[in-house]
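Visitor: To start, I am sharing the structure in question, which I have written as structure tokens.
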Amino acid sequence: MTNGIGHEALAQMIRTATDDVFGTMLGMTLKPEAPYIEHVPPEHFDGVVSFIGMAGTWAGTGSICCSSQFACRLSGNFLMTELTEVDEQVLDAIGELTNMILGNVKNEVELQLGPMGLSIPTVIHGQNFAARSLGRDAWTVVPFWSGEDRLEVKMCLTAKDHLPHEGGSPRTRAFILP
Amino acid sequence: MSLNLLIVDDSAAIRKILQRVLHQAEVPLGSVYEAGDGVEALAILKENAVDLIFSDINMPNMDGIQLLTQLRASDTWKNVPVVMITTEGSQAKVLEAAQLGASGYLKKPFTPDQIKDKIAGLV
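If you read the protein sequences in the order shown, they are chains P and G. FYI, in the numbering used here the residues of the first sequence are 1 to 178. FYI, in the numbering used here the residues of the second sequence are 1001 to 1123.
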């Protein structure tokens, strides 16, 4: 157990929250895959990535990532409209999905780890970029599938006194690779 | 009787979805106003009368708790029902909103039936 809750328990919270939000707000059922622990983040990424910070006695970051095509399909279902390219509507919808899913995970987590505040989500869209959290703890990653499309919901938690800086949630940086 | 509503949320997606859910719930709607934060909400309220306000809690500029505080301190708006809609399910946030005079609380994700039940108890 490295995150104060246990990766399996955290993965279950992520699955429950994701199922709830997708079932209620998008009318979709996703097929979950076995969760895994990520120690080294992907070298590069294409698509849409969102982040949301949590801060309290424990602090953390939650993230959702998927392809641009899947982000458009999800947002279209969410808003009941057809969306074919990543625009303001898609970024806003993915940000709100992030807020709902990881906000609900946070509500469960804080029952065990104490109260945490939730930041406003950040959503990034691009090609060949990398994102890094400055915390050293591992991420609990839960992949989901809808047909050929893959979505990852992941989260890392760190005791506040283990953070590499004073206060707040672990900082996240995104940068475009050459 | 049709209801004039104000929806306050920094997410345009949620403002749109809430309107859709209100239609699905067959709530008789009059004018529906939208604001992206508490500052915009107060500006709209100065110009328009509303019967019910749905407000997010976490927003930039002026959040839902600050908006609720200003509304309850105002002679004009102190009796307008305000339903807080948020993912913030912590007991402390719910309690704070209730103590400040929130009329109800709805957790995201929400269903048309939950919205309908909440409105039926208020107006």
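Glycine is no exception: its CB is placed at the ideal position from the N, C-alpha and C atoms.
1. Going by C-alpha distance, which of G/K1108, G/A1120 and G/Q1070 is nearest P/A17?
2. Can you find the residues in the same chain that come closer than 6 Å, C-beta to C-beta, to P/L237, ignoring five residues on each side of it along the sequence?
3. Quick one: which chain P residues come within Cβ less than 7 Å of G/P1060?
4. Count Cβ pairs between the segment 1024 to 1038 of chain G and the segment 1108 to 1123 of chain G that sit closer than 8 Å; are there 3 or more?
5. May I ask you to list the residues that DSSP assigns as paired with P/H44?
6. Whole-angstrom Cβ separation of P/A93 and G/A1013, contact assumed at under 8 Å?
7. Give a yes or no on whether 8 Å exceeds the smallest Cβ distance from P/A55 to chain G.
8. Using only alpha-carbon positions, find the residue among G/S1031, G/L1042 and G/T1087 that is nearest to G/Q1066.
9. Taking 8 Å as the threshold, find out whether the segment 1077 to 1096 of chain G comes into contact with the segment 1043 to 1052 of chain G through three or more Cβ pairs.
10. Counting along the chain, where does the alpha helix (DSSP H) carrying P/L151 start and finish?
11. Look at the alpha carbon of P/I101 and the alpha carbon of G/D1075, and state the distance between them as a whole number of angstroms.
12. Less than 8 Å between the CB atoms is what I'm expecting for P/V123 and P/G103, so what's the real figure, rounded?
13. Give me the residue from P/A55, P/M25 and P/D20 with the minimum Cα distance to P/L179.
14. Quick one: residues in its chain with C-beta nearer than 6 Å to the C-beta of G/S1031, no 5 flanking neighbours on either side, listed in chain order?
15. What first and last residue would you give for the beta strand (DSSP E) that runs through G/G1101?
16. Name the DSSP beta bridge partners of P/H125, please?
17. Alpha helix (DSSP H) containing G/P1112: first to last residue?
18. Rounded to whole angstroms, what's the CA-CA distance from P/Q12 to P/W145? Just pull it up for me.
19. Roughly how many angstroms separate the alpha carbons of P/S68 and G/L1045, rounded to a whole number?
Guide: Taking the coordinates as given:
1. G/K1108
2. As displayed, chain P neither begins before 1 nor continues past 178, which places residue 237 of chain P out of reach and without an answer.
3. I120
4. yes
5. Partner(s): none; P/H44 has no beta bridge.
6. 4 Å
7. no
8. G/L1042
9. yes
10. Element bounds for P/L151: not the alpha helix (DSSP H) but the beta strand (DSSP E), D149 to A159.
11. 38 Å
12. Actually they are not in contact, since the Cβ atoms of P/V123 and P/G103 sit about 15 Å apart, beyond 8 Å.
13. Residue 179 of chain P cannot be examined here, being either before or after the span of chain P that is shown, 1 to 178.
14. N1004
15. Premise fails: G/G1101 is in no beta strand (DSSP E) and is neither H nor E.
16. P/V48
17. P1112 to A1120
18. 16 Å
19. 38 Å
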